Each structure stands twice: as structure tokens, then as C-alpha cells.
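Residue numbers (my numbering): 608 to 718.
If you want it as C-alpha cells, here you go:
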């Protein structure tokens, strides 16, 4: 059975990636549309946890924050050199292969 998880895209993630993920059927929420632009990383993580969303980010500060609390998963984009389609493809692979239990309290790294 497939799960429905919304991915919370952080402000510095390219709109192209968000659009590519939406086109692949992955529900994405943007922090700007949620009224969260400029909030602290801790407050953003609290919001994502409250909404039971997976956080998509290239901000390594979330590494230590994630150790302090339970969360629904964090996907880290590890390079600025990967194309939008490469990153979106890796996220889709995770989305297709893993359950919500697999994501829970886990961190994943994509190019």
C-alpha cells in the first residue's frame, strides 16, 4: 500500500525541483506559501513535524536539529551540481520504494 506524505520544500530549493516533483505525483508544499519564509530552522522543523511532512532541504543545520526530536523524515540534497531531474528522480525512487515507516525518524541523502 502506498503512503501519502507531503514534502516540505525549504526556501532555497529551486522552483524547478518543486514543479518536477509535483509532475511526478509527489505532493509538495512551499514554505513561502505557508507563510514561513525567514523562520528559524527549529521553528520550521517544528512546523514540519506538526504537519507530519518530510523535509526536503540542502541546509545541513537540520542534521543536528533532527537528532533532538522525532520527525517524519528528512531528505538532504547534498550537491549543488546535480540537475533538477537527477534530484527529482532520486526523490521519486525513495517515494516509490519506501513506506512512511521507513521515512520516520530517518535521514536520506540525494545528489
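In this text, a Cβ means the ideal position worked out from N, Cα and C, and glycines have one as well. The structure presented is a predicted model; accordingly, all values stated were derived computationally and were not measured.
Sub-7 Å separation of residue i and residue j beta-carbons
i           : j           : result
residue 713 : residue 680 : yes
residue 699 : residue 631 : yes
residue 624 : residue 695 : yes
residue 715 : residue 682 : yes
residue 649 : residue 672 : yes
Reduced DSSP secondary structure (H/G/I, E/B, other) of residue i
i           : result
residue 611 : Residue placement at residue 611 is flagged as unreliable, the pLDDT there being 43, under the threshold of 50; a coordinate-derived value is accordingly withheld.
residue 655 : helix
residue 590 : Summary: the structure shown does not reach residue 590, with the chain confined to residues 608 through 718, and so no result is reported for it.
residue 605 : Only positions 608 to 718 of the chain appear in the structure, and residue 605 is not among them; the question remains open.
residue 717 : strand
residue 638 : coil
residue 624 : helix
Spatially closest choice to residue i from the options, by CA coordinates
i           : options               : result
residue 697 : 652, 683, 658 and 717 : 717
residue 750 : 684, 694 and 660      : This structure does not reach residue 750, given that the chain is present from 608 up to 718, and the question cannot be answered.
residue 678 : 652, 690 and 703      : 652
residue 629 : 658, 649 and 691      : 691
residue 665 : 686, 703, 658 and 693 : 686
residue 641 : 703, 626 and 658      : 658
Integer Cβ distance of residue i from residue j, believed to fall under 8 Å
i           : j           : result
residue 661 : residue 676 : Actually they are not in contact, since the Cβ atoms of residue 661 and residue 676 sit about 15 Å apart, beyond 8 Å.
Cutoff 6 Å; reference residue i; Cβ partners in own chain excluding five residues on either side
i           : result
residue 613 : Unreliable positioning characterises residue 613 in this predicted model, as indicated by a pLDDT of 48, which lies under 50. A coordinate reading is not provided.
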